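These notes concern the structure reproduced below.
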Amino acid sequence: MRRRRVFSRNRDGNVAMMWALMGTVLIGLLGLTIDFSRAVMVRTELQSAADAAVLAAARQPANVTLEERTASARAFFDSEAPAYAATATVTLTDIGDNGYRLRATAPMPTSLARLITNRDWTVGVNSEAVRGGMNLEVALVLDTTGSMSGQRINDLRNSAGDLVDIIVQAQQTPYYSKMALVTWAMGVNAGPYAADARGSITPGRSISAAAWANGSARSVSAVTKANPAVFTSNGHGFANGDVVWLAGVTGTGSWPNNLNSRWYTVLNASTNTFQLRNSSGNVVSTSSYSGSYPGGATVTRCLEAACQVRVTSNSHGLSNNDWVWIEGVNGMTQINSTTDTAWQVNNVASNAYTLVGSVGPNYSTYTSGGTGYCTTSGCQYYRFTNASNSTRILEISTCVSERTGAQSTTDVAPSTAPVGRNYASPNNPCDSTTGVIPLTTDTTALHNRINSLSASGSTAGQIGAAWGWYMVSPNWGYLWPSASNRPAAYGTPETQKIVVLMTDGAFNSPYCEGVIARDALSGSGSSSDHNSCNATNGSSASQTISICNAMKQRNIIVYTVGFHIDNDATALSVFHQCATDDSHFYLADDRTTLQRAFQQIGQSISQLRLTH
């Protein structure tokens with residue numbers, strides 16, 4: 027009996043068994059908690075990769091097959107989630123209306139949870155992408171100044187093309203995506219659009235004749251050795267007050283030295299004789315000359331005082347004391363203008379003018395051709411006093427400078443307020459290639475222009491920024507050759523206008539009267555190429571900020587990309603202020619970061635709507 031009671035009271039083994047069973051369950055539950063947390067982490071990683079992959083798939087051109095999209099999505103998924111590249115399953119489904127669904131699953135081995143369930147888990151995620159319903163009008167504005175030479179321009183060529191490919195889609199319905207391109211340095215080369223943008227230039231006027239003599243030379247048979255000297259030339263036909271040129275006295279000594287190659291005024295003329303007064307106003311005296319007249323002299327009546335050249339040019343439009351640039355004259359080539367030289371004119375008639383200071387008898391005989399150009403602002407050539415107080419003459423270019431006046435920071439049509447002319451110096455020239463491509467879907471044209479970029483010139487960023495705006499402004503649409511190039515009206519539903527500005531340095535080249543201004547900053551070229559007046563609109567930097575602010579007020583999104591500007595406080599400030607906000611401002615210091623900046627901008631612009 028005692029043994030039975032002892033046995034019945036001994037329960038130590040039961041308790042141990044119960045604890046063993048409960049411990050297994052508790053450890054299993056703990057394992058479930060741990061593995062569930064792991065599954066959440068795996069799902070997060072898979073979801074991020076799936077989102078990126080479905081975006082990549084949906085962003086492909088419209089003619090890409092589902093199989094090709096799937097391959098693109100798989101490659102993107104594997105790059106975003108390399109830990110699951112070998113084990114994950116990725117499927118892509120076309121759900122219509124430009125939308126795609128991606129399903130990604132990956133096995134996840136369990137740990138302590140195996141005490142409860144003896145199998146691995148499968149973690150799955152879904153992601154859908156639908157192209158956002160938005161027409162895109164994007165202006166890409168690129169700095170091609172001299173500081174961009176060498177590796178920098180190569181980096182830009184290799185990077186800007188990425189943005190073209192991201193933005194401009196092959197499928198242009200139901201929404202379009204267009205890009206315009208502006209390249210700038212000391213200005214923007216408006217090419218065939220220059221005349222409409224800045225106004226037409228006063229053309230040159232053809233020259234039909236240029237002469238100094240009125241009749242043929244008359245031989246002088248005798249000259250008295252007297253005071254005053256009397257010249258004999260039978261039937262000379264001169265009248266008192268006529269201006270004549272005397273030349274050809276032979277021999278040496280005082281006779282030829284004192285008489286030859288000079289102009290005189292005729293006085294006391296008779297049928298066969300006359301006297302002469304020299305340019306100093308003194309009557310010619312030969313009484314002190316040695317010997318007698320040696321012969322050989324001829325006298326020719328001149329058309330103008332001092333035997334200056336008289337130019338015939340119908341409807342030339344000049345006035346007394348104007349300056350004329352002459353080029354292309356044959357024969358009398360001495361009157362063709364050279365660097366920084368022009369002729370002042372007087373005795374102006376409707377179809378003729380005289381070249382002040384010319385010496386016709388020293389010039390060859392005119393044979394043909396020639397054009398005379400006015401030299402005030404708005405003419406083909408512009409004569410001005412430079413910042414070094416010297417005379418300069420520069421020719422108009424197809425580049426343009428900034429607009430001035432009340433409309434300087436607006437996008438009104440150039441027919442209302444033309445932009446500025448640009449008289450470019452050979453030392454800071456206008457880019458030889460047109461810097462404007464209006465909105466287009468022609469990616470080949472955009473790539474060709476980007477691939478041909480070259481670097482030269484100073485930095486007039488205010489002009490580049492303004493033309494970026496003009497590219498997406500409906501007010502400028504009439505300039506462009508076809509309806510497809512013309513921007514939509516402001517406020518058009520489902521349409522976004524965007525300007526992307528890129529530079530590698532501080533803006534330094536404001537203008538005054540079509541020439542870089544006296545107060546332009548270092549890097550804007552020699553002062554000999556600057557005008558003597560200060561910038562009409564203020565500094566290049568302040569103008570750029572004002573233009574950016576005005577753009578943003580029209581709901582234009584502005585992205586800015588600073589390339590190698592980390593140490594330039596002014597450039598950093600300008601581009602920070604120009605951007606829509608800090609998230610739209612990018613910095614790059616090599617090809618990789620520049621490419622990344624353009625790619626990120628492109629992805630931001632051509633955003634797709636995600637649904638999970």
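If you read the sequence shown in the working numbering, its first letter stands for residue 27, the second for the next number, and so on.
Ideal Cβ positions, reconstructed from N, Cα and C, are used throughout, including at glycine.
Keep in mind that this is a model prediction, so the values were computed, not measured.
Taking the C-beta atoms as reference points, Gly395 is found nearer than 8 Å to Gly354. Bounds of the beta strand (DSSP E) holding Val374 are Trp369 to Ala375. Shown here, Asn161 sits in a strand according to DSSP, grouped into three states. Between the stretch 444 to 462 and the stretch 534 to 551 there are three or more inter-stretch CB-CB distances shorter than 8 Å, so the stretches are counted as touching.
Pairing Ala196 with Asn124 gives a Cβ-Cβ distance that is not under 8 Å. Within the stretch 174 to 249, complete alpha helix (DSSP H) segments of at least 4 residues are found at 177 to 193 and 220 to 224, given in chain order. Rounded to whole angstroms, the Cβ separation of Trp289 and Ala332 is 5 Å, and the two are in contact under 8 Å. Within the model, the alpha-carbon separation for Gln626 versus Ile192 is close to 10 Å. Excluding its 5 nearest sequence neighbours in each direction, Asp545 has C-beta neighbours in its own chain below 7 Å: Asn560 and Ala561, listed in chain order. Nearest in C-alpha terms to Gln522, of all of Thr619, Met577 and Ala413, is Met577.
The beta-carbon distance between Val426 and Ala223, rounded to whole angstroms, is 6 Å. This is short enough to meet the 8 Å contact definition. Using a 10 angstroms sphere on the CB of Thr470, the tally of other CB atoms stays under 16, which defines it as exposed. By DSSP's assignment, Ser427 forms a beta bridge with Gly446. Boundaries of the beta strand (DSSP E) harbouring Lys523: Thr521 to Thr529, taken from the DSSP string.
Contact annotation: Leu344 and Cys400 have beta-carbon atoms nearer than 8 Å.
By the neighbour-count criterion, in which 16 or more other beta carbons inside 10 Å mark a residue as buried, Asn283 falls on the exposed side.
For Ala486, DSSP records no beta bridge to any residue. In the three-state reduction of the DSSP assignment, Ala509 falls in the helix class, which pools H, G and I. Asp366 is positioned such that its CB atom lies no closer than 8 Å to that of Thr326. Cα atoms of Ile571 and Ala155: separation of roughly 37 Å, rounded to the nearest angstrom.
For Cys456, the secondary structure class from DSSP, reduced to helix, strand or coil, is coil. Our two residues, Arg231 and Gly549, have alpha carbons roughly 37 Å apart in a direct line.
Cβ contact annotation for Asn180 (same chain, cutoff 6 Å, sequence separation greater than five): none. Counting along the chain, Ala561 sits inside no alpha helix (DSSP H), nor does DSSP assign it H or E at all. For Tyr407, the three-state secondary structure derived from DSSP is strand. Distances from the CA of Asn575 to each of Met160, Ser553 and Val600 were compared; the closest alpha carbon is that of Val600.
Per DSSP, reduced to three states, the secondary structure at Gln301 is strand. By the Cβ neighbour-count rule, Asp592 is exposed, with fewer than 16 other Cβ atoms within 10 Å of its own. Inter-residue distance for Gly263 and Val292 is about 11 Å (C-alpha atoms, whole angstroms). Taking the Cα positions, Gln73 is about 44 Å away from Thr171.
When DSSP states are grouped into helix, strand and coil, Met67 belongs to the helix group. Ser566 is positioned such that its CB atom lies closer than 8 Å to that of Phe533. Collapsing the DSSP output to three states places Ala76 in a helix. About 14 Å separates the CB atoms of Phe103 and Ala84; that is not less than 8 Å, and the two are not in contact.
With fewer than three CB-CB distances shorter than 8 Å, the stretch 239 to 249 does not count as touching the stretch 470 to 488. Residues Gly551, Ser552 and Asp555 of the same chain have their beta carbon placed closer than 7 Å to that of Asn453, with the five preceding and five following residues left out of the count.
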